[in-house]
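Using our numbering, the first residue of the sequence shown is number 714, and each one after it goes up by one.
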Amino acid sequence: MINTNYIRRATLFLLASILLTLPVNFHAEPLSLAQGNFGVNGFFSADKAQRGRTVQAAVVLEVPSGFHVNSSRPLAKFLIPTSLKIEAPGGIKVGPISYPRALLRSFSFSPDKLSVYEGRAVLRFNVTIPANFLSGVTELRARLKYQSCNDEACFPPTTRTVAMPIAIVGANESVKRINGRIFGGRRG
């Protein structure tokens with residue numbers, strides 16, 4: 714025989730638990746919305762890369778309005794810097810990362826100015842293809858680590874991985890410059 718008091722207490726406990734969690738669920742903002750919608754994309758300055766030559770590349774971080782990320786050289790030791798690591802197939806050489814100039818901003822949560830990126834941050838680097846590299850499509854993998862913040866709080870660090878495929882062609886094959894809005898008149 715089932716104890717009706719036990720069933721009644723279990724049912725009340727279950728209902729109370731559900732009712733106590735409902736306000737939290739209705740009012741809590743999902744973490745992805747609180748952190749904003751950050752865009753991370755990879756680009757090359759040419760539609761193909763020639764063997765034995767260097768092509769410019771970039772990873773672009775789009776920081777939504779109302780947010781910022783720490784620069785690659787934050788002014789306080791406890792802040793997490795923005796960093797970019799590039800993985801390339803054997804033989805391909807990746808040059809040093811050129812980080813954008815940071816902005817110095819004041820925020821309500823800190824008495825000191827902070828070194829940050831806002832809006833669009835373009836991180837550039839050169840990619841050199843060996844003369845003996847096989848023709849065909851190859852892929853670089855860019856890993857961008859950053860900590861996003863708004864005017865009230867900072868969020869846990871995020872690492873985003875971007876695949877950057879590019880066709881490798883012979884040294885005498887023509888290539889077309891692309892992505893001028895990112896690379897402008899730069900040679901590479």
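C-beta atoms are modelled at their ideal positions from N, C-alpha and C, and glycine is treated no differently.
Assignment of Gly893 by DSSP, reduced to helix, strand and coil, places it in the helix class. It is roughly 11 Å from the alpha-carbon of Asp760 to the alpha-carbon of Gln769. Considered as a whole, the segment 738-812 harbours 752-757, 761-763, 767-775, 781-783, 796-800 as its complete beta strand (DSSP E) runs of no fewer than 3 residues, in chain order.
One Cα belongs to Ile879, the other to Phe822, and the distance between them is close to 43 Å. Secondary structure of Asn845 (DSSP, three-state): coil. Between the segment 851-870 and the segment 886-896 there are fewer than three inter-stretch CB-CB distances shorter than 8 Å, so the stretches are not counted as touching.
A Cβ-Cβ separation of about 4 Å places Arg873 in contact with Val753 under the 8 Å criterion. The bridge partners DSSP lists for Asn885 come to none. Around the beta carbon of Phe791, fewer than 16 other beta carbons sit within 10 angstroms, so the residue counts as exposed.
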